[in-house]
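Undergrad: Would you mind keeping the following structure in view while I ask a few things?
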Amino acid sequence: MLAPHPPTPPPDSRPEPPRRRADLTVLGQIEAQARTRITLTVPSNAIDPDTPPTLLPMVDFRLHVMRAPGHVRDRAWRHLAETARAHRGDWNLYALGVAYPKLRTQANKLTAYLAPGPAAQAHYTLAIEFLFALHRLDLTTPQLFPRLTDAAYTHASGRKRQHPPPIYDLDALPDDRIPRAEYGNPEHDAHLNDANQETVHDVLDRLVAHTDTRLGRQTISDTQATLIRRTYLNGETIRAVAADLHLSEPSASKQRTRAATTIAKLLGRHGLTEPTPTRPATRHHPPEQR
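Okay, structure coming up:
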């Protein structure tokens with residue numbers, strides 16, 4: 065006996081699109097609350113005067129900002145931050161929902177090897193630090209959103225709390241443990257005077273020039289050279305130099321580290337660190353007549 069044929073579906077019925085897998089992490093739950101619970105909107109012409117005035121809920125605002133050019137993105141986040149500072153409450157939740165994609169990426173880095181309990185705490189900390197940055201940072205400088213998320217990640221990851229490497233007092237070491245140079249007086253060699261200070265700058269300039277022309281794989285940009293020169297050689301703080309270069313402090317630190325690594329590799333090349341010596345002219349004497 066033949067099996068009954070299954071009923072034919074109506075012609076206008078289509079399979080439902082697959083539902084998005086729910087993010088059950090702390091940040092995912094925050095984003096779900098911002099998406100489903102709050103009804104706040106932002107007028108689009110407050111962000112970009114050239115667009116038609118439409119009301120943007122959180123998800124629409126997020127899509128609008130993600131697709132916008134840099135100056136429009138800065139204006140959007142400046143408007144949202146000023147509104148959150150003025151009204152707080154659900155506007156903080158609105159801002160967290162807009163920042164969710166970037167914060168979730170940062171949370172993945174923080175929690176890759178953590179147990180569920182510490183991982184959840186890391187999510188809470190990242191969200192809290194983002195709100196602190198939203199209410200604390202200067203809103204007038206460019207690249208506002210990267211500065212907000214960088215500040216949140218810097219504090220949540222504990223990079224600010226890392227202790228500097230120990231510095232040993234050479235005067236307190238026994239004589240047999242004091243490092244000595246193979247030649248000359250080590251104290252005199254280590255003394256930084258005006259002459260070798262200028263030589264250090266010359267070496268840096270020579271490395272930058274060579275990497276720009278000969279070693280394209282290890283190029284040191286002008287920004288990286290400025291970071292090395294002003295922080296390592298001139299003794300300025302990374303925060304002050306980063307502000308002058310319109311960079312976030314974590315971004316400036318990464319660029320300086322990358323340049324320092326390149327320079328460390330190049331210092332082993334004698335031809336790059338030492339100027340080409342000029343040989344004195346030699347006189348050729350005719351053989352003596354016997």
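Numbering of the sequence shown is given in our numbering, commencing with residue 65 and proceeding in unit increments. We put the beta carbon where it would ideally sit given N, CA and C, even for glycine.
(1) What three-state label does DSSP hand residue 311 in the structure shown?
(2) What's the call for residue 130, buried or exposed, on a 16-neighbour Cβ count within 10 Å?
(3) Whole angstroms is fine: what's the gap from residue 101's alpha carbon to residue 113's?
(4) When the Cβ atoms of the region 90–97 are set against those of the region 145–164, are three or more pairs found closer than 8 Å?
(5) Rounding to the nearest angstrom, what Cα-Cα distance links residue 157 and residue 141 in this structure?
(6) Report the CB separation of residue 143 from residue 110 in whole angstroms; it is logged as a contact under 8 Å.
(7) So if DSSP puts residue 160 in a beta bridge, which residue, or which two residues, is it bridged to?
(8) If residue 107 sits next to residue 117, beta carbons under 8 Å apart, how far is it from one beta carbon to the other, in whole angstroms?
(9) Taking 8 Å as the threshold (C-beta atoms), are residue 275 and residue 287 in contact?
(10) Apart from the five residues on each side of it in sequence, which residues of its chain come closer than 7 Å, Cβ to Cβ, to residue 208?
(11) Among 317, 203, 192, 290, which residue has its Cα nearest to the Cα of residue 303?
(12) Could you tell me the distance, in whole angstroms, from the CA atom of residue 322 to the CA atom of residue 177?
(13) Are the CB atoms of residue 220 and residue 193 within a distance shorter than 8 Å?
(14) Less than 8 Å between C-beta atoms, sequence neighbours within five positions excluded: which residues of the same chain meet that for residue 312?
(15) As a quick exercise: from 134, 133, 309, pick the residue whose alpha carbon is nearest that of residue 285.
(16) Out of 155, 269, 217, 189, which one is the CA nearest neighbour of residue 331?
(17) For residue 186, which option in 265, 128, 264, 218 has the closest C-alpha, if you only look at C-alpha atoms?
(18) Which same chain residues, not among the five before or five after residue 126, have their C-beta less than 8 Å away from its C-beta?
(19) Measure the alpha-carbon distance for residue 87 versus residue 329 and round it to whole angstroms.
(20) Per DSSP, what kind of secondary structure is residue 133 in: helix, strand or coil?
(21) Could you tell me whether the Cβ atoms of residue 148 and residue 104 are closer together than 8 Å?
(22) Classify residue 179 as buried or exposed, calling it buried when 16 or more other Cβ atoms lie within 10 Å of its own Cβ.
TA: Considering the structure as presented:
(1) Residue 311: coil per DSSP, three-state reduction.
(2) Exposed is the call here.
(3) Distance from the CA of residue 101 to the CA of residue 113, rounded to the nearest whole angstrom, comes to 28 Å.
(4) Yes, since at least three Cβ pairs between the region 90–97 and the region 145–164 fall closer than 8 Å, the two stretches touch.
(5) Rounded to whole angstroms, residue 157 to residue 141 spans 14 Å at the Cα level.
(6) Going by Cβ atoms, the distance from residue 143 to residue 110 rounds to 6 Å, so yes, they are a contact pair.
(7) Per DSSP, none; premise fails for residue 160.
(8) With 8 Å as the limit, residue 107 and residue 117 qualify as a contact, their Cβ atoms being about 6 Å apart.
(9) With respect to residue 275, residue 287 sits apart: the two C-beta atoms are not nearer than 8 Å.
(10) Hits under 7 Å: 138, 141, 142.
(11) Relative to the Cα of residue 303, the nearest Cα in the group 317, 203, 192, 290 belongs to 317.
(12) Here the alpha carbons of residue 177 and residue 322 stand approximately 25 Å from one another.
(13) In this structure, residue 220 lies closer than 8 Å to residue 193 by Cβ.
(14) The beta carbon of residue 312 sits closer than 8 Å to those of 207, 210, 211, 214, 215, 306, all from its chain and outside the five residues before and after it, given in chain order.
(15) Answer by Cα proximity: 309.
(16) Answer by Cα proximity: 269.
(17) Comparing Cα positions, the closest option is 218.
(18) Hits under 8 Å: 161, 162, 164, 165.
(19) Taking the straight line from one Cα to the other gives about 44 Å.
(20) If DSSP states are grouped into helix, strand and coil, residue 133 belongs with coil.
(21) In this structure, residue 104 does not lie closer than 8 Å to residue 148 by Cβ.
(22) Residue environment: residue 179 is assigned as exposed (fewer than 16 neighbouring CB atoms within 10 Å of its CB, all protein chains considered).
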